[in-house]
Structure formats: structure tokens, C-alpha cells
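Undergrad: If you scroll down you'll find the structure; I have some questions about it.
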Amino acid sequence: MDIFIQQIINGLVLGSIYALVALGYTMVYGIMGLINFAHGEVVMIGAMVALTVINLLLGSGLPGVVMALIGLAAAVPVCMATGFAIERIAYRPLRNAPKLAPLITAIGVSIVLQNVAMLVWGRNYHAFPPILPSVDFEVFEATITGVQVAIIAIAALMMIGLTLLVQRTRLGRAMRATAENPSIAQLMGVDTNRIISLTFVIGSSLAAVAGFMVSANYSIAHYYMGFILGLKAFTAAVLGGIGNLAGAMLGGILLGLIESLGAGYIGDLTGGFLGSHYQDVFAFFVLILVLVFRPSGLVGEKVAERA
Amino acid sequence: MMRFEALRHDKRAAIAATVLIGILLAVAPFLIGSAAGSTWLRIVDFALLYIMLALGLNIVVGFAGLLDMGYIAFYAVGAYMYALLASPQFGLHLPMWAILPAGAAVAGIFGVLLGAPTLRLRGDYLAIVTLGFGEIIRIFLNNLNAPVNITNGPQGISGIDPIRIGGVSLSKPIDLFGFTLPSLHAYYYLFLALALAIVFVTIRLENSRIGRAWVAIREDEIAAKACGINTRNIKLLAFAMGASFGGVAGGLFAGFQAFVSPESFSLMESVMVLCMVVLGGMGNIPGVILGGILLTILPELFRHGAGPVQQAVFGKILLDPEALRMLLFGLALIVVMLYRPAGLWPSTRRRREFKGGAA
């Protein structure tokens, strides 16, 4: 039983991170109908920048939590700028181009960012210094670390904040209008270009926080970490129903749970035939299964057949 | 491409052009081999394999408009078919003529397996499912060394039999009437022949009833259905056909390399082939061939250029050549798509659509 609880906790932590990244995918998709393939790299850049700043501050004698917050505060604007630049350079000129063209530029941007990161930070794994206080809590015979509690709490706060932003503010209404129909929104006086830019910026700031969380939780960052993380988060966004904010949150949490429970129990389920290295197979298998029965994701609206 | 249209009417010019291209293709390995060395000839051999892959994916993405991001899985299936049936792994040594068709068939079946549950999905949902499928195949290849060792896991399978034609192994220089044909040249001709066969088949397909049905589905699935096209079967056929080309290319790859490992079939490879199709000009066969050649040669050019050029300009290597090479490659992808959003060599139909403003 304690293993079960432990896997649930791990799943929730992983799921919160996925959810934050998935929100970035789903916001961009909702507004532009585009897979922002480079989003994972923004997460990576967030982690790397935060780590670099923290390493610079190490000798300063500041308390660990303050250092971590400064690192995070540095990562967010850098990621926002990156997100803004990506949209300007790679997507805006192709707004009316064939659908696959921005996908290819997105892949190009992803390759460029990855290799810039490799040039700047090298090929090595970077360790996250043990600056955060290590407090452990006991929950039903399972342990949850202070960092994990913080991750879940911060992620929850950010998701609530984003929901309020989208549902309650003028900006949010403009975003929803643009997602509904860009040209009509423009006629109604919405500066759609600005809204699209802002969407990228907001998504990238979530990515920065997620990147910081990943490196704090696993104590590691790497120039290549964005790729697989982005892939998982995108899967989560699709699982929930891409373009739908609640769907991305649900999908993220669900994927995190599926993965950690899958990793814990797949051996038992298959009589020892498949081991825990099949956890990704499990995740993708669940995704395929969900999409077979609900082709537009768990909470995605049924897309009207385009006539 | 008006000049090509002109060729269609002028028979003599068409024959002359064909003969010229034929001669060029025939002497190419000797020119490349003597001018640039065997490394580059090897790269050209790979370019031919990638052309086969790109043409296969072009059926799925370019003709039928189904975004497949796990295409490399079929290449993997073909390659592992060859590797398992012609290597010391199981002690089987079947001839190429048995394996390649079998590889194509099995890859085709996998294509249908992928296609069947995803028939209702469109666009980006399809993309993520195919991507997941590709990853599933790779993970299985990576882990099927226990409890029963089938694929030998991450180490891959080595010592694969070279391709033999009429009992002559292509991995050693071949003696032809006192004239020696080096191995890379022999593989070049084999790959060229098969690539040409695939080009021929795709051209015929494109203008066939099936090809037009694919295009109709790409343009508007509901309208296609209303016109009496059995969209389910036609879509599955696109998956199966595309996959089987990938299977053939995979088998050739295994025989050529004498080694396969799951590493060769990563998501990045799928993405690469997709880039070839889209960058070259989706749905247009010459464009896709151009994309295949460019995207195989370009990273290699950067690979060989990145180090020495820095050495010459700065006197030392400032930036990691490997990272620089991929960086330049990424930039090239972006720049090409920004300036030619419909691809380098789009089909006439797409160009017309694009000018008309329809996306």
C-alpha cells in the first residue's frame, strides 16, 4: 500500500510539471492551431538559466530558498523573451502559409535552441546544488519531500492564476475571442498580433517555472532534457484535448499518474514479461486507447467536421 | 516547371533528357568516388535510401494528407526483419529476395495496424498517435532482449549478411569481366535501381484512381466520401503503401550497414524524413527527391565544414563542430520554410492554391 501511495505522490509531482508545460502547448494550439514544437526547449532554457544563476550565487551566503527564487526570477524573463522571439521569427511570417510549414520551422527552432544550449552549457549534465532545505513529510507511510510539496502547490497556484486570467480578465477575453475566430476578433478591436505574442510569453513563463521544478526535483539539468519533456507534455495536452486549458491540466496530471503507476506495476500486470523500462510504452498505449474512443481527447469538444 | 511541361510535348527532347540523366546517374559514383572520396559515396548511398523513405512518407503525408510522425518505425521493421532473418542472431541466412518482400509486407501490416485505430483522428491528433507508435516500436526493439532475447536490446544486431545478388556479395569488390566494381558502387546501383522503381510506382500511383482518391481525401475528406470514395480503405492503403516502401528501405539499410540498433530509429529520424517531404515540396515527387538529397547532404557538408572552416578563419576551433553543424541545419530549415513556405519545389496544384491564398 505504501508503494501505491508513493507512486501516486510521484505521479502527482510529475503530473503537475507536465500540466504546466502542457498548458503552454495547448494555449498556443488553441489560438493558432499550431504545435509549438520548440516549447520543450523553452523549458530546458528555463532550467539551465535558473541553474546558472543559482551556481553564480552559491558563494553569496544567501539562504537557499532566496537563491532558488532569484534563479527562478532570472529564468522567467529569459524564457519569455525566447518565446516572444520564437513567435516573431518562426511563426508570424507563416501565419497564412500551408499548415505544415510552421511545423517545420518549429522543428528548426527546436534544433537551433538545443544546439545553442549545447554551445553555451556544454554536453554535460549539470547538477542542481543542494540548496533547498530537505524536509520530508510522512503521508500514509510514504514520504513526500518539501520540494515536492512546493512543486504541487506552485503548480496549482499557477493553474488557478491562469484560469482566472483567461476567464476573468479583459486580456483573457481577448485571448478567448482570438482562439474562437482571429479575424472576427480583430474586427471587434482585438489586437490579435499582440494577443498571440502574449500567449507565447505567458506559455513560456509557465515553461520556465516547469523547467526550474524539473531540475530542482531531479537535481539535474541537461541541454537535451527539453525534448522528451516537451514530447510528454504534448502527449498530455492531446490526452486532455488540445486547445482546452482544463484538458491540459487534467491530461498532465493523468499522464504523470499513469507513468508512475505504470512504472510501478507494469511488471505485475504482465507477469514479469514487461519491466519498468516500458513505462513510455504504457503512456503512449493509454493515449492511443483514449483517442480511439474519444478522438478529441478527454475533455476536448467534438470538433465539427469541416465542410 | 514549364520546361518539363515542354518536354512532355517534344518527344525527342524528352528522350535526350532521359538519356542524359541516365548517363549522369550511371557515372555519378565514379565521379563522386574519385572527386570526393568514398565517404561521400557512402553518403550518396544513404541519400538514395532516404529518397525511398521520403517517397514512402510522401504517399501518407503528401498525397493523403495524413500527418505521420512515426514513419521511421516502418524503416525499423524492415531493417530488423532483415537483421533477424539474415544474421547469426538466430542463425538464419535467408536470401535478400525472400526478406525484402517479406519486410515490405510486414511493414505494410504494421502500417495497417497503425492506421486502423487512427482512422477517426485528424491532423495533430494523428500526429501524436503516430509519434507514439514510432516510440513504442523503438522501445520494444530496445527492450526485447529479455526475457527472450529477440532484438539483442540496445547493443543491436551485428554481423548481418551483406546483400547478395546471384550469389555475389555486394560487400566486397566485384570482379566484372576484368573490371572491379567497389562495394559502395555496387550498392549505389542497387539502391538507385530500387529508388527508380519506387519513383516509377509513385508516379503511376499519383495519376491512378487511387492516387486521385488520396488527393481528394487530403483536400476534403467529407467531399471525398460523398463522391463515393471508400475513405477507410483508401486511407489504410496509403498507410500500408507508405509503410511497405519504408520496409524495403529498412531491409536495404540493414544489409548495407551490416548492423542495426534501436538508436538508428529515433524520433529525430522520423522528423528528418518528414522535413525532407515538406521542405522538398509536399506531394510533388521531384520536390521530395530534392528534399531527400538536400537533407542528407546538407548536415554532412556542415559536419565536414564546421571544424576546418573555423580552423581556417580563427586559427582554432572555437565552437563545438557537432553543435554548430546542427545549429546551421536548424537555421537552414527555418530560412527555407520562411522564404518558400510551400516547399522548394511545390507541385503545380499546391503552388496554385498557395497563390490563391487558400491554406
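So the protein lines, in turn, are chains A and B. Counting with my numbering, you get residues 4 to 310 for the letters of the first sequence. Counting with my numbering, you get residues 1116 to 1474 for the letters of the second sequence. Don't be surprised by glycine CBs; every beta carbon is placed ideally from N, CA and C.
Taking 9 Å as the cut-off, decide whether the C-beta atoms of G1398/B and L1409/B are in contact.
TA: Cβ distance not < 9 Å, so G1398/B and L1409/B don't count as in contact.
Undergrad: Is the shortest distance between the beta-carbon of E1250/B and the beta-carbons of chain A less than 9 Å?
TA: Chain A contact via Cβ: present.
Undergrad: Between the C-alpha atoms of T202/A and C82/A, what's the straight-line distance to the nearest angstrom?
TA: C-alpha separation (whole angstroms): 13 Å.
Undergrad: With a threshold of 6 Å on Cβ separation, who are the neighbours of W124/A within its own chain once the five nearest residues in sequence on each side are excluded?
TA: M51, Y226, listed in sequence order.
Undergrad: Could you say if the stretch 215-232 of chain A and the stretch 37-54 of chain A meet the contact criterion of at least three C-beta pairs nearer than 8 Å?
TA: The stretch 215-232 of chain A, when compared against the stretch 37-54 of chain A, does touch it at the 8 Å Cβ threshold.
Undergrad: When the distance is taken between beta carbons, is L1311/B closer than 9 Å to R1157/B?
TA: Taking 9 Å as the Cβ cut-off, R1157/B and L1311/B do not qualify as a contacting pair.
Undergrad: Could you check what DSSP says for G1472/B in three-state terms: helix, strand or coil?
TA: Because G1472/B carries a pLDDT of 45, less than 50, the predicted location of this residue cannot be relied on, and no value is offered for it.
Undergrad: Which class does H129/A belong to by DSSP, given the choice of helix, strand or coil?
TA: It is a strand residue.
Undergrad: What do you get for C1342/B, buried or exposed, if any count of 16 or more other CB atoms within 10 angstroms of its CB means buried?
TA: By the 10 Å Cβ count, C1342/B comes out exposed.
Undergrad: Using the beta-carbon of each residue, which ones in chain A are nearer than 8 Å to M1397/B?
TA: Residues of chain A passing the Cβ test: P101, L103.
Undergrad: Distance check for S1149/B and I1251/B, CA to CA, integer angstroms please.
TA: Roughly 43 Å separates the two Cα atoms.
Undergrad: Kindly confirm or deny that the stretch 201-215 of chain A and the stretch 95-114 of chain A touch, where touching means at least three C-beta pairs closer than 8 Å.
TA: Result no; under three Cβ-Cβ pairs closer than 8 Å.
Undergrad: With 16 other CB atoms within 10 Å as the buried threshold, where does Q1372/B fall?
TA: So Q1372/B ends up on the buried side.
Undergrad: Out of curiosity, what's the CA-to-CA distance linking I1475/B and L1307/B?
TA: Past the edges of chain B, shown from 1116 to 1474, lies residue 1475/B, and the structure says nothing about it.
Undergrad: The ligand NAP heavy atoms versus the CB of Q170/A: any closer than 8 Å?
TA: Of ligands this structure carries none, so the ligand NAP is not represented either.
Undergrad: Please confirm if G1282/B has its CB atom under 9 Å from at least one CB of chain A.
TA: Judged by the 9 Å Cβ criterion, G1282/B is not in contact with chain A.
Undergrad: Check the Cβ of F1205/B against every Cβ in chain A and list those closer than 8 Å, keeping chain order.
TA: Here the premise fails: no neighbours, minimum Cβ distance about 20 Å.
Undergrad: Counting C-beta neighbours from all protein chains within 10 Å, is the total for A1128/B 16 or more, i.e. buried, or is it exposed?
TA: That one is exposed.
Undergrad: According to DSSP, which residues form a beta bridge with V52/A?
TA: None, per the DSSP bridge assignment.
Undergrad: Would you mind telling me which residues of chain A sit closer than 7 Å to C1390/B, beta carbon to beta carbon, in chain order?
TA: What C1390/B touches in chain A: I107, I110.
Undergrad: Mind checking whether L1367/B and I1278/B have CB atoms under 9 Å apart?
TA: It is a contact, given that the beta carbons lie within the stated cut-off.
Undergrad: Quick one, are the C-beta atoms of A78/A and V212/A less than 9 Å apart?
TA: The answer is yes: Cβ separation under 9 Å.
Undergrad: With 9 Å as the C-beta to C-beta threshold (strictly closer), list the residues of the stretch 1206-1235 of chain B near chain A in chain order.
TA: Within the stretch 1206-1235 of chain B, the qualifying residues are P1232, T1233, R1235.
Undergrad: Step through the CB atoms of chain B and report whether any lies within less than 9 Å of the CB of D271/A.
TA: No, D271/A does not count as interfacial toward chain B.
Undergrad: Note down the Cα distance separating A1261/B from G1268/B, rounded to an integer number of angstroms.
TA: Roughly 8 Å between the two C-alpha positions.
Undergrad: Would you tell me roughly how many angstroms separate the C-alpha atoms of F131/A and F1178/B, rounded to the nearest one?
TA: Each residue's Cα considered, the two are about 48 Å apart.
Undergrad: What is the DSSP secondary structure of F1205/B, counted as helix, strand or coil?
TA: Of the three classes helix, strand and coil, the one that applies to F1205/B here is coil, per DSSP.
Undergrad: Compute the distance between the beta-carbons of N220/A and I154/A, then report whether it is under 9 Å.
TA: A contact, by the Cβ cut-off of 9 Å.
Undergrad: Below 9 Å between beta carbons: does that hold for L260/A and L15/A?
TA: A contact, by the Cβ cut-off of 9 Å.
Undergrad: Leaving out the 5 sequence neighbours to the left and right, which residues in its chain are closer than 6 Å to P1203/B when beta-carbon positions are compared?
TA: Result list for P1203/B: G1274, in chain order.
Undergrad: Note down, in chain order, each residue of its chain lying with its Cβ closer than 7 Å to the Cβ of L1229/B, except the 5 sequence neighbours on either side.
TA: Excluding sequence neighbours, L1229/B sits near T1245, F1248, F1354.
Undergrad: How would you write the range of the beta strand (DSSP E) that D1290/B sits in, first residue to last?
TA: 1289-1291 is the span of the beta strand (DSSP E), which, as asked, contains D1290/B.
Undergrad: Alpha carbons only, please: which of P185/A, V302/A, A71/A is nearest the one belonging to G214/A?
TA: Among P185/A, V302/A, A71/A, the Cα nearest to that of G214/A belongs to A71/A.
Undergrad: Under 9 Å between the Cβ atoms of V68/A and I20/A?
TA: No, the Cβ-Cβ distance between V68/A and I20/A is not below 9 Å.
Undergrad: Since F1444/B meets chain A, which of its residues come closer than 7 Å, beta carbon to beta carbon?
TA: Here the neighbours are I114.
Undergrad: Going by C-alpha distance, which of F143/A, P96/A, A104/A, V24/A is nearest S10/A?
TA: Note that residue 10/A is Gln in the sequence shown here, rather than Ser. The option with the nearest alpha carbon to Q10/A is F143/A.
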